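Chains as they are written, first to last, in UniProt numbering: chain A, 1 to 638; chain B, 1 to 638.
Encoded as structure tokens, the structure appears first; notes follow it.
Number of protein chains: 2
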Amino acid sequence: MTLRMSSLFVRTQKEDPVGAEVASHRLLHRAGYIRRSAPGIYTWLPLGLQVLGKIEAIVREEMARAGSQEVHFPGLLPADPYRKSGRWEAFGPDLFHLKDRKDNDYILAPTHEEVFTLLVKDLYSSYKDLPLSIYQVQNKYRDEARPRAGLLRGREFIMKDAYSFDIDDAGLDASYERMRVAYQRTFARLGLPCLPVKATPGAMGGSGTEEFIYPSEVGEDTFVRSSGGYAANVEAVTSIVPEPIDYSLSPAAHVEDTPDTPTIETLVAAANADHPREDRAWTAADTLKNVVCAVTHPDGTREIIVIGLPGDREVDLDRAAGTGMLGNGEVELEAATSEDLAAHPELIRGYIGPGVDLDDQVLGLEGTSKVRFLLDPRVVDGTRWITGANEPGRHVFDLVAGRDFAADGTIEAAEVVLGDPAPDGSGPLELARGVEIGQIFKLGRKYADSLDLKVLDANGKATTVTMGSYGLGVTRVMACIAEEYHSESGLLWPQHLAPADVHIIAAGKGDDIAEAAEKMTAELEAEGITVLLDDRNKVSPGFKFADAELIGIPTVIVVGRGLAEGKVEVRNRLSDEKSDQPVAEVVASTVATIRAAYATADAAADAAIAEGAAADAAIADDAELTESIRADSSASAR
Amino acid sequence: MTLRMSSLFVRTQKEDPVGAEVASHRLLHRAGYIRRSAPGIYTWLPLGLQVLGKIEAIVREEMARAGSQEVHFPGLLPADPYRKSGRWEAFGPDLFHLKDRKDNDYILAPTHEEVFTLLVKDLYSSYKDLPLSIYQVQNKYRDEARPRAGLLRGREFIMKDAYSFDIDDAGLDASYERMRVAYQRTFARLGLPCLPVKATPGAMGGSGTEEFIYPSEVGEDTFVRSSGGYAANVEAVTSIVPEPIDYSLSPAAHVEDTPDTPTIETLVAAANADHPREDRAWTAADTLKNVVCAVTHPDGTREIIVIGLPGDREVDLDRAAGTGMLGNGEVELEAATSEDLAAHPELIRGYIGPGVDLDDQVLGLEGTSKVRFLLDPRVVDGTRWITGANEPGRHVFDLVAGRDFAADGTIEAAEVVLGDPAPDGSGPLELARGVEIGQIFKLGRKYADSLDLKVLDANGKATTVTMGSYGLGVTRVMACIAEEYHSESGLLWPQHLAPADVHIIAAGKGDDIAEAAEKMTAELEAEGITVLLDDRNKVSPGFKFADAELIGIPTVIVVGRGLAEGKVEVRNRLSDEKSDQPVAEVVASTVATIRAAYATADAAADAAIAEGAAADAAIADDAELTESIRADSSASAR
């Protein structure tokens, strides 16, 4: 059915919506694709549904190609399976929950691992049934503390979530790899530059996981990459841990008065002046900074911890919270408040040091304090530090890790900075920002264990199934495509994702113009080309052009004054070309252009995978993308 | 992609699911189309999604044909617009509601009138923008007290809901009629016999409404029809109200002792023996029975009422509750309990009578009782009754309505019975049961008023828009199709709605059989025919045949022993025909059969509408349907 501007349910707007920070939010609203229903909750207008439908079709085709079968779960789920998996608690306040009239607990599904597990348990019982891959395209619900940026972080959003079921680890590895390729193909067909980066599993659990990141300044995720092909989000970067140092010759620790050393710089200067090292000057990296933080666990309990790290590093609260090393589930981490510190008088601000018993003097955290003390992994045995003596105005010198103090554990809490070494030795890291548009997980047996999904193996023995889970944010992807493809005057879709293939503008009042536009529309539609026809008869050409620029269909045909000479103007907004074409030829040439655009998009997937297992490297090597990441990196480097 | 039984995510089951009462529930579960997630909440397996997709496609095509544009609203909606319309209360406990982390109220949408109204208010401002018709296919949520019968009455279900917006009543009438035709076309294409019946608006509000009923014993709705074309659900049937009777010559009322008259029969016998009428014998229809009932309003308050009706009638609690005459919103009505009666000592069981002051004796409800007294509409002025005297063992005779007593209002509470006259004079009514699969409403200005949706009219004056709303239960329709099309051994879909066009069974172990089945599959798929191929190599032909019968694709091709002679068996389960066909011809003949089936289904819509405005009558005249209704009627007549 022809989309006609005269009747299409759309009204373009000149004004940005209140509070819109990013281009996709502004333009999808102004061009009449979406409307906000509530914070982070959107309604789809006809133009928006057209684009969304094209994206979903590509996602479904690539899932089918990867051998995944579509199913569909409810959005309203009983709470019990999520209690059994521990996620009723782990999701914390992000979980929308409610009771039915019989007082039973329900949740609005944030993701569906538990119920997919139960469904497979219901249907399958033998290793012969595996491997299995099933997926759905479905509404997800998360009560985000700060929904933002339109479709980029919503509270009700569409996700494609797939799940794999295998009898053993080798099977899981193969399922994971197949899905990884499907993601690369999908994003390539969607025209979205994208990088798989190592990530941490968070509340999902499991062993290995990667995020697919669309590099963009509007993203909330910071990730790193090396020129040698390493890529990870900052939560997943691991520090290179040095070898332990022989401390048999290190001097004994000694406490010294250190007046007037309120900062690390003044402390280092005083140390070099009054207590010089025998071998070289003290640097900030020789001081051990102990930072008091407060962890909020999913059940709401608040825990005070101390994080020790080299003095030349800052704590990255988000990174530390995201590592999964602070507890199960989604934790929040913030700097301790003065109330927190008041509750722990043994923690003397500016002079906190690790627990050590030295000359019968209890210095520190161990023994007198109930707080967990976690160390940066670079603080290996034998390293030698200046740190607080747990007395105002005093520091301890030559305190040696492993000899004089220990910790309750390690934590990757230090901010990753430009130039840090990649953990795989592939060179220095650069930083960039991006949007997570997909994440794939080797879940392993976490959910199968907690929900008792077993099948009989070849020997008739009950064996726990191993699982993978594979999410792709469909509505978020649409926002990213709008971020990637727009101009100053509006959206500018890739040809194969535009809400219609061609935008025809009847620019002028004559009946001949209207008739020619109608005829061209009918001829294109007979060839399977979809048309948005601007047939409004009391709207000036200028307004029509502005609407067309805002709506963003790249191929625009203007039927106007030139018609008298048998010509129409064809605009390609992506290449910024305009040409006058004879009316007699324009249908055939347009059909050819549009078909070629679809074919090119499909071929992009093959190209992206052409180099086989090195597909991610291939994407990473893409010159334009690398440039984009570089630009991001320099802009966001801190 | 070929559906292959060897890998398809399905397991058929011999056992019915626990508590399954109806064929659609039993068979959709056993054939592996759906699984229950929670009471009234279902998960869709691949076969189920295929059929659901075909139904949705037909619904969308007919909506587009009717000029309706697709949009999509969230399922999670802010409560505020529903507060403004009064439906936050009116839906009562059927509404799922929850709070977000900021303590704001949200609901899971039961239907979307309010937010569609607000969206149009956001986008449109002029009469020139109208008429508008928009729709969505979307999850709805209702916390039914008694979810039942699988997909027939669920708590999360898929509904197509459309809304029309017009500047005036004539526009609304035209929009309503266009949608009514779209419904008739849709159900005709779906092969579902269906009758539009007059209904009551219930919590929706508005002026006129019709339900589309699929006549079936498994339905919960009782409806009536006359041979002259009248059809209504029992809530909407109106009694024929007789003309008032001149009571100037009626005898005065008098109270009499009536010992030993515990029933209407004994009362009538005693009346005829001891206090005979001058003109004819008293009958049960001359007694006024006063029934004490309790109304539960949506806000939870409980109200005691008395319903007065002729003694030869029973109260139909559901009908009375559904009329909308008892209060706003969804009310529940039940017989008063002994606690209720104890709280109203003035209501003397067996001897309750209407309020009247006679010979200085206060008999009744008025004055001494706080309860509402509502009368059957047949109790018109001048009718003459025997009824309770509000004293044990005594009745009042010759009590004349309008002269001796009045009521607080009327109510259609009497059970409609076989042979009652149709209100339009089109003959006696017969009763049947059915499933409501759609309902269309002329809402009028209720929602536009409460949410202030106005546009400027041709004179620049702000005018309230008038609306219609049009629901169609997509998942319920699928259940009804399964009810209509199944055999003892399984589902048996109309050809064009089957999960695949053809079911090919490789029945035998030879490689030649497997190869021939694969080749035939490829050749059919090359012609656009979808195939479910049973390629399992350790499953016996008998099991494969049983699975095929359960799954219910009508066209089955068996590649088996006959292959040696170059033949395969083609089964049409709908016509119960089998034939051996040469392998060389079977692809061409099958393609022709399948294409013809799709064309026939599409043509059914044209046929259904062919008689123009009399389309509903045409459907009603369908011989098979009439027979089905008759069968229902005789089975359910009470």
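Ideal Cβ positions, reconstructed from N, Cα and C, are used throughout, including at glycine.
These numbers were taken from a predicted model, which means no experiment stands behind them.
- Message: Let me see if you follow: with CB-CB separation under 8 Å, is leucine 363 of chain A close to chain B or not?
- Response: Position 363 of the first sequence holds residue 363 of chain A. Note that leucine 363 of chain A has pLDDT 45, beneath the 50 cutoff, so the model's placement of it is unreliable and no number is given.
- Message: Which residues in chain C have a C-beta closer than 8 Å to the C-beta of aspartate 100 of chain B? List them in chain order.
- Response: Any reference to chain C falls outside this structure, whose protein chains are A and B.
- Thinking just about the alpha-carbon of each residue, which of A:Glu156, A:Ala182, A:Thr530, A:Met467 is nearest to the one in tyrosine 163 of chain A? Position 163 of the first sequence holds residue 163 of chain A. Cα-wise, what sits closest to tyrosine 163 of chain A is A:Met467.
- Message: Quick check: the Cα distance between leucine 497 of chain B and valine 51 of chain B, rounded to an integer number of angstroms?
- Response: Here residue 497 of chain B refers to the residue found at position 497 when the second sequence is read from its first residue. Here residue 51 of chain B refers to the residue found at position 51 when the second sequence is read from its first residue. So the alpha carbons of these two residues sit roughly 6 Å apart.
- Nearest candidate by alpha-carbon position, reference arginine 87 of chain A, set A:Val115, A:Gln69, A:Pro74, A:Ser68: By 1-based counting over the first sequence, the position of residue 87 of chain A is 87. Closest by alpha carbon: A:Val115.
- Task: Within 10 angstroms of the Cβ of threonine 209 of chain A, are there 16 or more other Cβ atoms? Answer buried if so, exposed if not.
- Result: On the first sequence, position 209 is the one that residue 209 of chain A refers to. Buried: at least 16 other Cβ atoms inside 10 Å.
- Task: Taking only the alpha-carbon atoms, compute the straight-line gap between proline 17 of chain B and glycine 438 of chain B and give it to the nearest angstrom.
- Result: Looking up residue 17 of chain B in the second sequence gives position 17. Looking up residue 438 of chain B in the second sequence gives position 438. Cα to Cα, the separation comes out at about 27 Å.
- Query: Within 10 angstroms of its Cβ, does methionine 5 of chain A collect 16 or more other Cβ (buried), or is it exposed?
  - Reply: Position 5 of the first sequence, counting from 1, holds the residue named residue 5 of chain A. Answer is buried; the Cβ neighbour count reaches 16.
- Task: Note down, in chain order, every chain A residue with its Cβ under 7 Å from the Cβ of leucine 45 of chain B.
- Result: In the second sequence, counting from the first residue as 1, residue 45 of chain B sits at position 45. Neighbours of leucine 45 of chain B on chain A, chain order: Val71.
- Message: Just to confirm the assignment, what range does the beta strand (DSSP E) spanning methionine 159 of chain B have?
- Response: On the second sequence, position 159 is the one that residue 159 of chain B refers to. Start and end: 156-166.
- Task: Report all residues from its chain with a CB closer than 8 Å to the CB of glutamate 484 of chain A; omit the five preceding and five following residues, and keep chain order.
- Result: Working through the first sequence from its first residue, we reach residue 484 of chain A at position 484. Hits under 8 Å: Gly191, Leu192, Pro193, Tyr214, Ser216.
- Identify each residue in the segment 30-44 of chain A for which the Cβ-Cβ distance to at least one residue of chain B is less than 9 Å, and report them in chain order. Correct list: Gly32, Arg35, Ser37, Ala38, Pro39, Ile41, Tyr42, Thr43, Trp44.
- Excluding the 5 residues preceding and the 5 following arginine 11 of chain B in the sequence, name in chain order all residues of the same chain whose CB lies nearer than 7 Å to its CB. For this step, residue 11 of chain B is matched to residue 11 along the second sequence. Only Gly32 meet the Cβ criterion.
- Between B:Ile505, B:Thr186, B:Ala64, B:Leu132, which lies nearest to leucine 119 of chain B when the distance is taken from Cα to Cα? Start at 1 with the first residue of the second sequence, and residue 119 of chain B comes out as number 119. When only C-alpha atoms are compared, the closest one is B:Leu132.
- Cβ-Cβ distance between glutamate 415 of chain A and arginine 313 of chain A below 8 Å: The residue you call residue 415 of chain A lines up with position 415 of the first sequence. The residue you call residue 313 of chain A lines up with position 313 of the first sequence. Yes, they are a contact pair.
- What residues of chain B sit near aspartate 122 of chain A, judged by a beta carbon separation below 9 Å? Position 122 of the first sequence holds residue 122 of chain A. Those within 9 Å of aspartate 122 of chain A in chain B are Arg11, Arg35.
- Query: My guess is that leucine 3 of chain B and leucine 550 of chain B are in contact by the Cβ rule of under 8 Å, so how many angstroms apart are they, rounded?
  - Reply: Walking along the second sequence from the start, residue 3 of chain B turns up at place 3. Walking along the second sequence from the start, residue 550 of chain B turns up at place 550. No, leucine 3 of chain B and leucine 550 of chain B are not in contact; Cβ-Cβ is about 15 Å, not under 8 Å.
- Query: Since asparagine 233 of chain A sits in a beta bridge, which residues does DSSP pair it with?
  - Reply: As a position in the first sequence, residue 233 of chain A is number 233, starting the count at 1. DSSP, once it has assigned bridges, lists A:Phe223 as partnering asparagine 233 of chain A.
- Message: Can you find the residues in the same chain that come closer than 6 Å, C-beta to C-beta, to glycine 409 of chain A, ignoring five residues on each side of it along the sequence?
- Response: In the first sequence, the residue the question calls residue 409 of chain A occupies position 409. Here the set comprises Leu374.
- Mind checking the segment 408-425 of chain A against chain B and listing, in chain order, the residues whose C-beta falls within less than 9 Å of any C-beta there? none
- Give the residues of chain B in contact with alanine 458 of chain A, contact being defined as C-beta atoms less than 7 Å apart. The sequence position of residue 458 of chain A within the first sequence is 458, counting from 1. Correct list: empty, because the minimum Cβ distance to chain B is about 14 Å.
- Task: Just tell me which of B:Ala253, B:Asp169, B:Gly471, B:Ala517 has its CA closest to the CA of alanine 182 of chain B.
- Result: Start at 1 with the first residue of the second sequence, and residue 182 of chain B comes out as number 182. Proximity to alanine 182 of chain B across B:Ala253, B:Asp169, B:Gly471, B:Ala517 peaks at B:Gly471, based on C-alpha coordinates.
- Message: In the DSSP output, which residue or residues are listed as bridge partners for valine 292 of chain B?
- Response: By one-based count along the second sequence, residue 292 of chain B stands at place 292. DSSP lists B:Val306 as the beta-bridge partner residues of valine 292 of chain B.
- Using three-state DSSP, classify residue 653 of chain A as helix, strand or coil. Residue 653 of chain A lies beyond the range of chain A shown here (1 to 638); nothing can be said about it.
- Along the segment 49-65 of chain A, what residues have a CB closer than 7 Å to any CB found in chain B? Leu49, Ala64
- Would you mind listing the alpha helix (DSSP H) stretches within the segment 502-562 of chain B that are 4+ residues and don't spill past its ends, in chain order? 511-526, 541-551
- Message: Which of the three DSSP states is assigned to isoleucine 240 of chain B in this structure?
- Response: Mapped onto the second sequence, residue 240 of chain B falls at position 240. Three-state result, isoleucine 240 of chain B: coil.
- Item | threonine 410 of chain A - DSSP class collapsed to helix/strand/coil | By one-based count along the first sequence, residue 410 of chain A stands at place 410. It is a strand residue.
- Alpha-carbon spacing of glycine 40 of chain A relative to tyrosine 106 of chain A, whole angstroms: Translated into the one-based positions of the first sequence, residue 40 of chain A becomes position 40. Translated into the one-based positions of the first sequence, residue 106 of chain A becomes position 106. Roughly 21 Å between the two C-alpha positions.
- Using a Cβ-Cβ distance under 8 Å, would proline 74 of chain A count as near chain B? The residue labelled residue 74 of chain A in the question sits at position 74 within the first sequence. Chain B, which has a Cβ nearer than 8 Å to the Cβ of proline 74 of chain A, makes this yes.
- Message: Can you confirm whether isoleucine 551 of chain A, when its beta carbon is compared against all beta carbons of chain B, has any partner nearer than 8 Å?
- Response: On the first sequence, residue 551 of chain A is found 551 positions in, with the first residue counted as 1. The C-beta of isoleucine 551 of chain A comes no closer than 8 Å to any C-beta of chain B.
- Message: List, from N- to C-terminal side, the beta strand (DSSP E) runs of 3 residues or more that fit wholly inside the segment 581-616 of chain A.
- Response: none
- First and last residue of the uninterrupted beta strand (DSSP E) at lysine 442 of chain B: By 1-based counting over the second sequence, the position of residue 442 of chain B is 442. 429-444 is the span of the beta strand (DSSP E), which, as asked, contains lysine 442 of chain B.
- Query: Taking the Cβ atom as the reference point for each residue, do serine 487 of chain B and phenylalanine 441 of chain B lie within a distance shorter than 8 Å?
  - Reply: In the second sequence, residue 487 of chain B corresponds to position 487, counting from 1. In the second sequence, residue 441 of chain B corresponds to position 441, counting from 1. No, they are not a contact pair.
- Message: Counting C-beta neighbours from all protein chains within 10 Å, is the total for methionine 159 of chain B 16 or more, i.e. buried, or is it exposed?
- Response: Position 159 of the second sequence, counted from the start, is the residue given in the question as residue 159 of chain B. By the neighbour-count rule (16 or more Cβ atoms within 10 Å), methionine 159 of chain B is buried.
- Item | is_contact[residue 646 of chain A, chain B] using C-beta, thresh 8 Å | Outside the modelled stretch of chain A, which goes from 1 to 638, sits residue 646 of chain A, for which no answer is possible.
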